[in-house]
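So the structure is just underneath, and the comments pick up after that.
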Amino acid sequence: MSANPDFIYQPPMTPYLNIIFQDEDIIVLDKSSGLLSVPGRLPEHQDCLQNRVQRVLPTATIVHRLDMATSGLIIMALNKPAHVAISRQFEQRKTKKCYIARVFGHVKEQQGSIDLPLICDWPNRPKQKVDYENGKQSLTHYQVLAYSDVNSENNHSVNGSSGEQSTLVELTPITGRSHQLRVHMLALGHPILGDRLYAHEQALTVSPRLQLHARNLSLAHPVTGELLTFNAPCPFN
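Going from the sequence shown to this note's numbering is simple: count from 1 and add 1054.
Following this line, the structure appears as structure tokens:
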């Protein structure tokens, strides 16, 4: 959960649940940063999105996850057929997800792709690492949205600015590896601000939270087949 042994889990209580959409088959939520998607092993890690939802909707099941520190959209199934149908869409990469991140430094290329194989860094788990021999293929597309001063967070033009820079980027994962976006941006030389696992000290101290947010999610409704697109405003944009 955290590379810091002194870390104390203090899940946010407001909003307790932020429901974006709900019908008989699915519920879509905007998860807060700092809240686990599913319970951890320790008793103090039982408060999580899954348990909060199941107190209201006992049949709800998690289909996919977000890292504890990542905020944004998660869909849960409310019955077994819906769970199977949505899981199949994720496995077949028929869902579309888009994230917003603020990263350390000035990303020079306006857009590009990061195609680096990832594997668990076992001695340092839960961290992941690039491994060309044993890693699983992982692909992320990125696009620069804006540049900011890392201290003031005020947007400015690329030219005529001084000091450390941060870049607001849109990230589209094609694969869904653990910590994929965090490790890919680190490998590009631009760790995500506030990343307790991967950021260097400068990028870590800039933000009290990981500045990574699942903003968009598109998929077919598991029963009707209708294309659904959900949006959750970025809290640090």
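Ideal Cβ positions, reconstructed from N, Cα and C, are used throughout, including at glycine.
Item	Value
Within the same chain, show all residues whose beta-carbon is closer than 8 Å to that of G1088, passing over the 5 residues directly before and after it, in chain order.	Q1064, P1065, P1066, M1122, A1123 and R1263
For L1235, which residues of its own chain have a beta-carbon under 8 Å away from its beta-carbon, when the five flanking residues on both sides are left out?	Y1153, A1155, T1194, L1225, P1227, I1246 and L1266
Checking the sheet assignment: what are the DSSP bridge partners for F1144?	Bridge partners of F1144: none, in fact.
Could you spell out the range, first to last residue, of the beta strand (DSSP E) harbouring M1130?	S1125 to A1131
Going straight from the alpha carbon of E1207 to that of V1260, what length do you get?	At E1207 the pLDDT is 46, less than 50, meaning the model places this residue with poor confidence; the figure from the coordinates comes in the next sentence. Computed Cα separation, rounded: 10 Å.
Let me check understanding here. Comparing Cα to Cα, which of L1096, M1239 and K1148 lies closest to L1273?	K1148
Using DSSP with H/G/I as helix, E/B as strand and the rest coil, what is A1241?	helix
Please determine if the stretch 1137-1147 and the stretch 1112-1121 are in contact, where contact requires at least 3 C-beta pairs separated by less than 8 Å.	yes
Are the CB atoms of H1244 and V1157 nearer to each other than 7 Å?	yes
Cutting at 7 Å between CB atoms, please list the residues of its own chain near L1170, excluding the five before and the five after it.	V1184, S1192, H1238 and A1241
On the DSSP letters alone, give me the boundaries of the beta strand (DSSP E) that L1111 sits inside.	Counting along the chain, L1111 falls outside any beta strand (DSSP E), and DSSP gives it neither H nor E.
Out of L1282, N1291 and N1270, which has the shortest C-alpha to C-alpha gap to K1151?	N1270
Smallest Cα separation from E1187: which of R1179, V1198 and C1174?	C1174
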